[in-house]
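*Asks:*
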Amino acid sequence: MPQKYEFISPARIKPHGWLRRQLELQARGLSGALCKIWPDVRDSKWIGGDKDGWERVPYWLDGFIPLAYLLEDEELQKVAKRYVDAILDLQQPDGWICPCSDKERPSYDMWAYLLILKVLTVWHDCTGDERVQPAMEKALACLAKHIKKHPLMGWGKYRSFEGLIAVRWLLERKPGRRTEKLAELLREQGHDYGAWFDHFRHIGPVPKWTLDTHVVNLAMSLKAGALFSQFDGSDPDAAAEKALFYLMKYHGQAPGHFSGDECLAGTSPIHGAELCSIAEAMYSYEILMGISGSSGWGDALERLAFNSLPATISADMWTHQYDQQTNQISCCVSEHAENVFYTNGEESNVFGLEPGYGCCTANFNQAFPKYAASCIMQDDEGLVIASFAPTEAETEHEGKSLKARVYSWYPFRKQFVIVAEGDARCRVKVRIPAWAKKVRVKGNEVLNGSVDFGDMKQNEYCLEREGAGGGWMTFEKNSHLVKLTVEFDYEFDLARRPEGLRCLWYGPLLYSLPVKAAKRMLEYERGGVERK
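Counting in the numbering used here, the sequence shown runs from -8 upward without gaps.
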């Protein structure tokens, strides 16, 4: 099944305005420093060191690579290349690509193997590095052979579908039945989330650790059905829609995400959502929107990108929380207060380098860069404006140049300008969020599928809206240039929450009370890293 919208290489996307400043903060903050200060990245086995040889470096690179190319930062690109060079150089002759001994292979959790293959696709998309395809061919062949003898277990079993990203990437470049069979094997050995949600029974908090109720596994799994649909032609949205129905009904939180501290934690606003789950849910929504083309996934993506994500990372992007609470009156460890988290420690809502497990320290890096890289996509006919942050993209289609730039302060302003250029006829598709009660294009109202063209000539523009709850508008012009001024009208929404509570939305932004707070720095050493 072909993908509805294709992602454009981060190397061909330029963030502007507030989004660029956010990415620059990230580069100057923890993302750019982990390779210098954090042993699990600085001294990792992935580059010949003696520290973590599992998920930490792949997680970090998954965000660090697109960050480096979005910012066109040569120093960051050199760092990324140094890590990728080491990873490719350490690949074994039989294709094995993870840093462990032959004796350790049978017990090695293959989640990191699947993850590093995804990272290599990101690296290739940014650089076109010719070493990646032969390395991928060998690595996938080795993976197939290995899991036939040592079936997926642990995290690898519950994240098996992540391997489909590399499988699909290779099939697009070198079709082969052997690679297709690997996709079937990953489905057979992976956890069946579809059947699990068909018999969903976790209608309250889960006070113990289980992999099937783990919030990050569930956030990742939202895209599983869409990834499998590219092989079997099934409905790419159905599995995610069913999953979110149950997750939001029984564990939903006001910002539009579901709880998990570390496993599903119910609807109480004092329970947490792990930062990794926010980053992974965002990526799932990006993949879903790309594969199915459904505009609602863009709505879900923006709710997290503009609310949950920035709220759980400090303004300078040097510290983060492990768990974020919707209602958090304090972010500290108190000897007088009971730990409210079910399976996570009492430090989990403190802002720091590693306030819980180190996975979030490595994995938060992907969230903003991948959001930036998904704002503008392309399809068979032109460019797709999927989100309205200030970005610019340049690509080709059938040998013809395509360019687009969004001038905006979105989501802080409701009006933005799109300028698109092509070699001949220019076509632009623009997402309509569900919260847009009205859409104005150059003062012409688009509402419930009806169009008032006003002074515009109908043979110059064609506008379409897919229902009143959101969708897409398509603009075409027999010209090399399209310039659009788009404005959304939306209203305050005092949305209902469990136990008679309410939350206030205005478009994609969730409002909070301006609570006065005092900050206190804690200095200490842990794990070979000084916090000071």
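Note that CB positions come from ideal geometry on N, CA and C, so glycine has one too. Being a predicted model, the structure only gives us computed values, none of them experimental.
Can you give the Cα-Cα distance for V75 and A186, rounded to whole angstroms?
*Replies:* One C-alpha to the other measures close to 38 Å.
*Asks:* Determine the direct distance from the alpha carbon of F236 to that of R192, and round the result to whole angstroms.
*Replies:* R192 and F236: Cα-Cα distance of roughly 13 Å.
*Asks:* Given E455, which residues of its chain have a CB within under 6 Å of its CB, disregarding the five upstream and five downstream residues?
*Replies:* Summary for E455: the model assigns pLDDT 49, below 50, so the residue's position carries little reliability; its value from the coordinates is reported in the next sentence. So the list reads T465, once near-sequence residues are dropped.
*Asks:* Would you give the residue range spanned by the alpha helix (DSSP H) that M239 belongs to?
*Replies:* Element bounds for M239: A229 to H242.
*Asks:* Bridge partners of Q406, per DSSP?
*Replies:* Answer is E478.
*Asks:* Might you give, ordered along the chain, the residues of its own chain that have their beta carbon closer than 8 Å to the beta carbon of A495, omitting 5 neighbours on each side?
*Replies:* Per the sequence shown, residue 495 should be read as Leu rather than Ala. Answer for L495: F483, D484, L485, A486, L501 and Y502, listed in chain order.
*Asks:* Does F274 pass the burial test, meaning 16 or more other C-beta atoms within 10 Å, or should it be called exposed?
*Replies:* Sequence inspection shows Tyr at residue 274; the Phe mentioned does not correspond to that position. Result: buried.
*Asks:* Over what stretch of residues does the alpha helix (DSSP H) that includes D189 continue unbroken?
*Replies:* Y184 to D189 is the span of the alpha helix (DSSP H), which, as asked, contains D189.
*Asks:* As a quick exercise: from I56, K474, G257 and Y481, pick the residue whose alpha carbon is nearest that of R73.
*Replies:* Cα-wise, what sits closest to R73 is I56.
*Asks:* Quick test of the definition: if touching needs 3 or more C-beta pairs under 8 Å, does the stretch 45 to 59 touch the stretch 372 to 390?
*Replies:* Contact between the stretch 45 to 59 and the stretch 372 to 390 is absent, because fewer than three Cβ pairs lie under 8 Å.
*Asks:* Might you give, ordered along the chain, the residues of its own chain that have their beta carbon closer than 6 Å to the beta carbon of N356, omitting 5 neighbours on each side?
*Replies:* These residues qualify, in order along the chain: S22, W51, G54 and F55.
*Asks:* Classify P6 as helix, strand or coil using the three-state DSSP reduction.
*Replies:* Looking at P6 - three-state DSSP - the assignment turns out to be strand.
*Asks:* Going by Cα to Cα distance, which pick from K391, I107, V408 and P260 is closest to Q541?
*Replies:* For the chain, the structure presents residues -8 to 523; residue 541 sits outside this window and is missing.
*Asks:* Pull the bridge partners of R73 from the DSSP assignment, please.
*Replies:* Per DSSP, none; premise fails for R73.
*Asks:* Out of G195, V207, R150 and R169, state which residue places its alpha-carbon closest to the alpha-carbon of D183.
*Replies:* Looking at the Cα atoms, R150 is the closest of the given residues.
*Asks:* What three-state label does DSSP hand L501 in the structure shown?
*Replies:* In this structure, L501 counts as strand in the three-state DSSP scheme.
*Asks:* Based on DSSP bridge pairs, tell me the residues matched to A395.
*Replies:* Bridge partners of A395: A384 and A411.
*Asks:* According to the Cβ coordinates, are A296 and L213 closer than 8 Å?
*Replies:* No, Cβ-Cβ distance for A296 and L213 is not below 8 Å.
*Asks:* Looking at C417: is its Cβ nearer than 8 Å to the Cβ of T334?
*Replies:* No, the pair does not count as a contact, with Cβ atoms beyond the cut-off.
*Asks:* Please classify L492: does DSSP put it in a helix, a strand, or coil?
*Replies:* DSSP places L492 in coil when its eight states are reduced to three.
*Asks:* Determine the burial state of Q12: buried for a count of at least 16 other Cβ atoms within 10 Å of its Cβ, exposed for fewer.
*Replies:* At residue 12 the sequence reads Arg, which differs from the Gln that was named. Per the 10 Å Cβ criterion, exposed.
*Asks:* Please return the same chain residues whose Cβ sits closer than 7 Å to the Cβ of L79, not counting the five positions on each side in sequence.
*Replies:* Result list for L79: R122 and A126, in chain order.
*Asks:* For A306, does the count of other Cβ atoms within 10 angstroms reach 16, so buried, or fall short, so exposed?
*Replies:* Exposed.
*Asks:* Report back the beta-carbon spacing between A103 and F152 to the nearest angstrom; my notes put them in contact at under 8 Å.
*Replies:* That belief does not hold up - the Cβ atoms of A103 and F152 are roughly 15 Å apart, past 8 Å.
*Asks:* Here's a check: name, in chain order, each residue in its chain whose Cβ is nearer than 7 Å to the Cβ of V158, leaving out the five neighbours to either side.
*Replies:* So the qualifying residues of the chain are L131, T170, L173 and A174.
*Asks:* Could you check whether the Cβ of G119 sits closer than 7 Å to any heavy atom belonging to the ligand MN?
*Replies:* Ligands displayed in this structure: none; no statement on the ligand MN is therefore possible.
*Asks:* Helix, strand or coil for R150 per DSSP?
*Replies:* Three-state DSSP puts R150 in coil, outside helix and strand.
*Asks:* Going by DSSP in three states, D223 sits in which element: helix, strand or coil?
*Replies:* The answer is helix: DSSP assigns D223 an H, G or I state.
*Asks:* If you drop the 5 nearest sequence neighbours on each side, which residues of the same chain put their C-beta closer than 8 Å to that of E(-3)?
*Replies:* Closer than 8 Å at the Cβ level, and outside the excluded window around E(-3), lie G281, M368, Q369 and D370.
*Asks:* Would you call the stretch 26 to 33 and the stretch 80 to 95 touching, i.e. three or more CB-CB distances under 8 Å?
*Replies:* No, they do not touch.
*Asks:* Going by DSSP, what residue range makes up the beta strand (DSSP E) through V432?
*Replies:* Here the beta strand (DSSP E) through V432 covers K429 to V432.
*Asks:* Could you give the first and the last residue of the continuous beta strand (DSSP E) run that contains K199?
*Replies:* No beta strand (DSSP E) holds K199; DSSP gives it neither H nor E.
*Asks:* Figure out for me which residue from I409, A353 and H471 has the closest Cα to the Cα of K391.
*Replies:* Checked all of I409, A353 and H471; the closest Cα to K391 is H471.
*Asks:* DSSP on Q319, reduced to helix/strand/coil?
*Replies:* Note: Q319 maps to coil in three-state DSSP.
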